[in-house]
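Reviewing the structure listed below.
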Amino acid sequence: FGSELEGQVAIVTGASSGIGEATAKSLASRGASVVLAARRKDELDDLAAQIENEDGETLVVPTDITDDDDIDNLVETTTDEYGRIDILVNNAGLMPLTHIADADKETLRTTIDVNLTGLISLTHAVIPTMLDQESGHVVNLSSVVGRFLQANSSHYNAAKAGVKMFGDSLRLDVASEGIRVATIEPGAVSTELLEHIPDEDIKGGVEEYVGSMRALQPDDIARTIMFVVSQPEHMDINEVMIRPTDQV
Ligand code: NDP
């Protein structure tokens, strides 16, 4: 256990699996108090127990990122408990790839709601606290597909490109107030993300593609996020794209 983030408070969305879970563990292992947000309370409780076993500090706040009341509750519970928010890792996401002609409206709406609107809404709710502190770090999970095209993914690509543009534009408004904004753009990471692809053919194709390479692991992204949030205050790493060496 290092202590470079001692006294800092971090919120991690999508902490119940994959990249969010690994990031929450890393932040806690460096001394941050970590607020675990996602819908699956059992997974969050398990993670909290693991972190507390290692003498880390956590708070579980079950949250659906598409629900405004849940967002307010997440921020209020965090500030009531810890009085500040230093790091916001906007990681919750889902990737239900489908051809636009086969998509139902709900899938399209949820993709934007979770990956983009929820991320913007939570950031909106957290920023006043960071402005009061005159410091804070917002770390947004976009994707390589926020920058490059991918078939059967027009809705997901639009959301992730939106995340990148939101972060860069947000930075213009808050950098002078001491708030840093970073966009993380992973390539293929081995997580539960592919499990929610509704079309079995598309799912099989993506699984085959990811299986053909040495995919990244959640810890690889967590390590990158730790690097980003551990820099001195005058240094703002705006964007990091990380791909498996084999991914072209
Ligand atoms: P996982 O499926 O393992 O994790 C997704 C997380 O998002 C889960 O913890 C899930 O929790 C949470 N989530 C989904 N919907 C909601 C919601 N409505 N409210 C709150 N939380 C929600 O996938 P990853 O770890 O791979 O994904 C993390 C991020 O990384 C995503 O934004 C993804 O788009 C991005 N990414 C992933 C890549 C990859 O190859 N894996 C590549 C590039 C980017 P719960 O179900 O409990 O709510």
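Numbering of the sequence shown is given in UniProt numbering, commencing with residue 5 and proceeding in unit increments. Ideal Cβ positions, reconstructed from N, Cα and C, are used throughout, including at glycine. Keep in mind it's a predicted model, so treat the numbers as computed, not measured.
Query, Result
"Cα-Cα separation between D223 and I188, rounded to whole angstroms", "14 Å"
"Cβ pair count under 8 Å reaching 3, the segment 25-45 against the segment 60-75", "yes"
"Distance cut-off 7 Å: V118 Cβ against heavy atoms of ligand 1", "yes"
"DSSP-derived helix/strand/coil call for P66", "coil"
"Residue burial classification, E110 (beta-carbon count within 10 angstroms, cutoff 16)", "exposed"
"Spatial neighbours of R247 in its chain, beta-carbon cut-off 8 Å, leaving aside the 5 residues before and after", "V148, P190, G191, A192 and L220"
"Contact between the segment 42-57 and the segment 119-127 (3+ Cβ pairs under 8 Å)", "no"
"The alpha helix (DSSP H) enclosing G24, as first and last residue numbers", "G22 to S33"
"Backbone secondary structure at T249 - three-state DSSP", "coil"
"heavy atom of ligand 1 below 7 Å from P100 C-beta", "no"
"Any 3 or more C-beta pairs closer than 8 Å across the segment 153-162 and the segment 110-119", "yes"
"Residue range of the beta strand (DSSP E) that includes A14", "V13 to T17"
"V167 vs L197 beta-carbon contact at 8 Å", "no"
"Within 8 Å, strictly: CB atoms of V143 and I91", "yes"
"DSSP three-state assignment for E47, whether helix, strand or coil", "helix"
"Which of helix, strand or coil DSSP assigns to F5", "With a pLDDT of 48 at F5, under the threshold of 50, the predicted position of this residue should be treated as unreliable, though the coordinate-derived value follows. Here F5 sits in coil by DSSP."
"Simplified DSSP assignment, three categories, for A162", "helix"
"DSSP state of T81 mapped onto helix, strand, coil", "helix"
"Between the CA atoms of E138 and S234 - distance to the nearest angstrom", "17 Å"
"Y213 versus H103, N242, A26 and A155, residue with shortest Cα-Cα distance", "A155"
"C-beta atoms of L78 and A28 nearer than 8 Å", "no"
"Whether I241 touches V232 by CB criterion (8 Å)", "yes"
"Candidates M169, E56, R218 and T228, of which the one nearest T249 by Cα", "R218"
"Residues that I183 bridges to, as DSSP identifies them", "G140"
"Heavy atom of ligand 1 within 7 Å of L78 beta-carbon", "no"
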